[in-house]
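Before any comments, here is the structure.
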DNA sequence: TTATAAATCTTTACATTGATAAGATTAAAT
DNA sequence: ATTTAATCTTATCAATGTAAAGATTTATAA
């Protein structure tokens, strides 16, 4: 731990962590590379030794946050292993993760940001992407009911869409709702048996 | 139609329409107020006679696009009035709207942008917001089944989350899927009767 | 060890952008 | 017709991403 050396020592990590903390509180829109550099005590051009461009920096942070997200899902996956409410709890975890850090939603999923490959059909279940985890669980549950593969695939996507949409909704800044989303989310997911027509 | 007068004549409208066309093709991230001004044949400061700030310009465009969205839903609402598949078709329209113009999704819903008030509980059904339209329809359908009000509210939110999430998914740039989303969407929405547990 | 190379950081500089101020031109109002 | 308000232009500024050139430290190789 040097006091004030020319070299920072661990700038790359410092930039990422400072940047993520900033995004967590103020959102990506407000993030300026120069300010993050300043917060880390280095000059404005220093980050360019570690990231070719600001976008590359963003991508690095995304992977960091995406790992947090995956970890949350995996934790639930283990905790509720073999429980009949596993899928429900996974969905709840999905939503709560963003509910607790609203800025992460846009940061991970806004159109220009998505650097994570997602696959719908025949998910690569050996990967630990959030989608893969959800897919794997949903698939194993749905397959217990004998149904055409296509229907199962559709159900998986529907389940994903439901929780993803809920995440989008609960992170909207101008949404009005009475309190306790956290308990409500579970009820909403359960209510999914909607009597749509034809 | 003057050829080249000092005054533009209808600059405000021109800016909005040019801006929206730009967003439709390149997304909001790429939009610069100066470039839009240039495209309209005026100087860089001209827009400030019509919008105090860039954000105000953005909000104006959002309302424009949101109106397009509402109109699409209302059209479906009329077309399938009294049809048993009304809700399904509304949901499909919701998703297709963004599927056809992916950049609109982020533009309307990205966190910093949402200037439209949304209400979950006891929706203001006399307004023509997309949510209100969906809510009104869903409510009238769900209420035919005798259920506690809270359950109905949950189902409404679930329905909204499902289509909103689908919209988010189909507009993701890195998502892989085989063709014909348009026909698929309907099947996915229908498959919503998911056998979740507990 | 020492000379050379590579990595990391600073300073300077530039182009783009949102925004403001001062003034020119036109349209509206009295 | 004179005044007033709206609209537009031409500077100008500060913040930002980024490139270039050089300084300082670390790593490598002789």
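Chains as they are written, first to last, in this note's numbering: chain A, 54 to 251; chain B, 54 to 251. From the three backbone atoms N, C-alpha and C, an ideal C-beta is built for every residue, glycine too. Computed from a predicted structure; not experimentally measured.
Listed along chain A, no residue sits closer than 8 Å to residue 185 of chain B by beta-carbon distance, the nearest being about 13 Å off.
Sequence-distant Cβ neighbours of residue 145 of chain B in its own chain, meaning closer than 6 Å and more than five residues away, are 238, 239.
Setting aside the 5 residues that flank it on each side, residue 181 of chain B is surrounded in the same chain by 123, 127, each with a C-beta closer than 8 Å to its C-beta; the list follows chain order. The straight-line gap separating the alpha-carbon atoms of residue 103 of chain B and residue 67 of chain B is approximately 11 Å. About 20 Å separates the Cβ atoms of residue 149 of chain A and residue 229 of chain A, ruling out a contact at the 8 Å cut-off. Contacts between residue 210 of chain A and chain B, judged by CB atoms closer than 7 Å, involve 241 in chain order.
One Cα belongs to residue 225 of chain B, the other to residue 184 of chain B, and the distance between them is close to 22 Å.
Residue 93 of chain B has its alpha-carbon roughly 15 Å from the corresponding atom of residue 110 of chain B.
Residues 156 of the same chain have their beta carbon placed closer than 8 Å to that of residue 78 of chain A, with the five preceding and five following residues left out of the count. When C-alpha distances from residue 76 of chain A are compared across B/105, B/208, B/165, B/75, the shortest belongs to B/165.
Using a Cβ-Cβ cut-off of 9 Å, residue 120 of chain B does not count as an interface residue toward chain A, since no Cβ of chain A sits closer than that to its own. Nearest CB-CB separation between residue 225 of chain B and chain A: below the 9 Å threshold. Less than 9 Å separates the beta-carbon of residue 207 of chain B from that of residue 243 of chain A. Residue contact check for residue 217 of chain A against chain B: a CB pair falls below 9 Å. The segment 190-240 of chain A contains, as complete alpha helix (DSSP H) runs of 4+ residues, the segments 202-223 (chain order). In terms of beta-carbon proximity, residue 192 of chain B stays away from the interface with chain A, with every pair separated by 9 Å or more. Within the segment 72-101 of chain B, those residues whose Cβ lies closer than 8 Å to any Cβ of chain A are, in chain order, 80, 82.
Listed by position along chain B, the residues whose Cβ is nearer than 7 Å to that of residue 159 of chain A are 163, 164. When DSSP states are grouped into helix, strand and coil, residue 135 of chain B belongs to the coil group. Between residue 70 of chain A and the set A/191, A/115, A/211, the nearest pair of CA atoms involves A/115.
Proximity of residue 222 of chain A to chain B, defined by a Cβ-Cβ separation below 9 Å, is satisfied. When C-alpha distances from residue 84 of chain A are compared across A/233, A/219, A/160, the shortest belongs to A/160.
Annotation: residue 125 of chain B to residue 189 of chain B spans about 16 Å, alpha carbon to alpha carbon. With 16 or more other Cβ atoms inside 10 Å of its own Cβ, residue 86 of chain B counts as buried. Non-local C-beta neighbours of residue 213 of chain A in its own chain, meaning closer than 7 Å and more than five positions away in sequence, comprise 184, 187, ordered along the chain. In the structure shown, the three-state DSSP call for residue 60 of chain B is coil. At the C-beta level, residue 147 of chain A and residue 139 of chain A stay beyond 9 Å of one another. Cβ atoms of residue 218 of chain B and residue 215 of chain A come within 8 Å of each other, at about 6 Å. Residue 210 of chain A is not a Cβ neighbour of residue 195 of chain A, given a cutoff of 9 Å.
Rounded to the nearest angstrom, the gap between the Cα atoms of residue 204 of chain A and residue 241 of chain B is 8 Å.
Comparing alpha carbon positions, the residue from B/233, B/65, B/163, B/245 closest to residue 113 of chain B is B/65. For residue 82 of chain A, there is no enclosing alpha helix (DSSP H), since its DSSP letter is neither H nor E. With respect to residue 119 of chain B, residue 129 of chain B sits apart: the two C-beta atoms are not nearer than 9 Å. For residue 121 of chain A, the closest of A/80, A/222, A/199, A/154 by C-alpha to C-alpha distance is A/154.
Under a criterion of Cβ atoms nearer than 9 Å, the residues of chain A adjacent to residue 156 of chain B are, in order, 164.
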